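Residue numbers (the numbering used here): 364 to 579.
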């Protein structure tokens, strides 16, 4: 059962979800009104164009936009390191990603914008990659009317561009043990996870088991 987004944005300890709050209040009862943010930038854990729309972050962003809060959903910037040995599976993923990138920035409905940011090759260096990603997202957010964002992160590497977003609040969605996914740099992802937990106003757990293990 998903938490009512209005309650989620109004309270740091929603009653029907496992949360790990860092502050006592995230926003007021009014969706915009006196709230400190004027929209949500979500760094998604999936891709809007080809993943199941039942994913938690996708559902939450749709519901939040229904409240009249502008949403920019940034399709997953990825965690896994592709391997040639994946063969046909890798080719399929590449094909889907190219199709997603061709769409660019799309307003799928009023107040809900989906972005597939371009990613430069690793040879350009980490800082250049971060600046390029940050520029794209900030520009798309501004065009969507979002200048004081609540940033929602469901893809840990996005923490690298968090500061440049100038967020008024941060929600970290701890969907799973990201560091245990196949073909990821476990130490790096675990480091992102620790940073996000330390910075987040709210850390949301989609698994009560994972919450119990990490909150204890």
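Don't be surprised by glycine CBs; every beta carbon is placed ideally from N, CA and C. No experiment lies behind these values; they were computed from the predicted model shown.
Those runs of the beta strand (DSSP E) which lie wholly inside the region 495-558 and span at least 3 residues:
512-516, 532-537
Please classify residue 469: is it buried, with 16 or more other beta-carbons within 10 angstroms of its beta-carbon, or exposed?
As a working note, residue 469 is residue 106 in the chain shown. With fewer than 16 other Cβ atoms within 10 Å, it is exposed.
May I ask which residues mark the beginning and end of the alpha helix (DSSP H) holding residue 422? The residue labelled residue 422 in the question sits at position 59 within the chain shown. 419-429 is the extent of the alpha helix (DSSP H) around residue 422.
Nearest to residue 554 by alpha carbon, out of 429, 534, 521, 565? Along the chain shown, one-based indexing puts residue 554 at 191. That would be 521, whose Cα lies nearest to the Cα of residue 554.
Within 10 angstroms of the Cβ of residue 503, are there 16 or more other Cβ atoms? Answer buried if so, exposed if not. Locating residue 503 in the chain shown gives position 140, where the first residue counts as 1. Buried, because 16 or more other Cβ atoms sit within 10 Å of the Cβ of residue 503.
*Where residue 571 falls, given that 16 or more other Cβ within 10 Å makes a residue buried*: Locating residue 571 in the chain shown gives position 208, counting from the first residue. Under this definition residue 571 is an exposed residue.
Pairwise C-alpha distance: residue 557 and residue 577:
By 1-based counting over the chain shown, the position of residue 577 is 214. By 1-based counting over the chain shown, the position of residue 557 is 194. Cα-Cα distance, rounded: 11 Å.
- Task: Can you say whether residue 467 is buried or exposed, counting buried as having 16 or more other CB atoms within 10 angstroms of its CB?
- Result: The residue labelled residue 467 in the question sits at position 104 within the chain shown. Per the 10 Å Cβ criterion, exposed.
Residue 574 by DSSP, collapsed to three states: which one? Position 211 of the chain shown, counted from the start, is the residue given in the question as residue 574. Residue 574 falls in the helix class under three-state DSSP.
#### Entry: Inter-residue CB distance, residue 564 and residue 525 (contact presumed, cutoff 8 Å)
Your numbering for residue 564 matches position 201 in the chain shown. Your numbering for residue 525 matches position 162 in the chain shown. Incorrect: roughly 12 Å between the Cβ atoms, too far for contact.
Skipping 5 residues on each side, what residues in its chain have a beta carbon closer than 7 Å to that of residue 523? For this step, residue 523 is matched to residue 160 along the chain shown. Contacts found: 493.
Q) Helix or strand or just coil, what does DSSP make of residue 562? A) Your numbering for residue 562 matches position 199 in the chain shown. It is helical.
*Assign residue 389 to buried or exposed, taking buried as 16 or more other Cβ atoms, counted over all protein chains shown, within 10 Å of its Cβ.*
Along the chain shown, one-based indexing puts residue 389 at 26. At residue 389, the pLDDT of 40 sits below 50, so the modelled position is not reliable; the number obtained from the coordinates is stated separately. Answer is buried; the Cβ neighbour count reaches 16.
Tell me whether residue 481 sits in a helix, a strand or coil according to DSSP, three-state version.
Position 118 of the chain shown, counted from the start, is the residue given in the question as residue 481. In this structure, residue 481 counts as coil in the three-state DSSP scheme.
Checklist entry - Does the beta-carbon of residue 561 have 16 or more other beta-carbons within 10 angstroms, so that it is buried, or is it exposed? => result Reading the chain shown from its first residue, position 198 is the one you call residue 561. Exposed, by the Cβ-count rule.
**Asked** Short check: CB of residue 403 to CB of residue 424, under 8 Å?
**Response** Reading the chain shown from its first residue, position 40 is the one you call residue 403. Reading the chain shown from its first residue, position 61 is the one you call residue 424. In contact: residue 403 and residue 424 (Cβ atoms closer than 8 Å).
Practice prompt. Taking the CB atoms as reference points, tell me whether residue 573 and residue 537 lie closer together than 8 Å.
Written response: Position 210 of the chain shown, counting from 1, holds the residue named residue 573. Position 174 of the chain shown, counting from 1, holds the residue named residue 537. Yes, these two residues count as a Cβ contact at 8 Å.
(request) Put residue 569 into one of helix, strand or coil per three-state DSSP. (result) Counting from 1 along the chain shown, the entry for residue 569 is found at position 206. DSSP places residue 569 in coil when its eight states are reduced to three.
| request: Could you check the C-alpha separation between residue 510 and residue 421 for me, to the nearest Å? | output: The residue given as residue 510 occupies position 147 in the chain shown. The residue given as residue 421 occupies position 58 in the chain shown. The alpha-carbon atoms of residue 510 and residue 421 are separated by roughly 21 Å.
| said: In whole angstroms, give me the CA-to-CA distance for residue 575 and residue 569. | reply: Your numbering for residue 575 matches position 212 in the chain shown. Your numbering for residue 569 matches position 206 in the chain shown. Cα-Cα distance, rounded: 11 Å.
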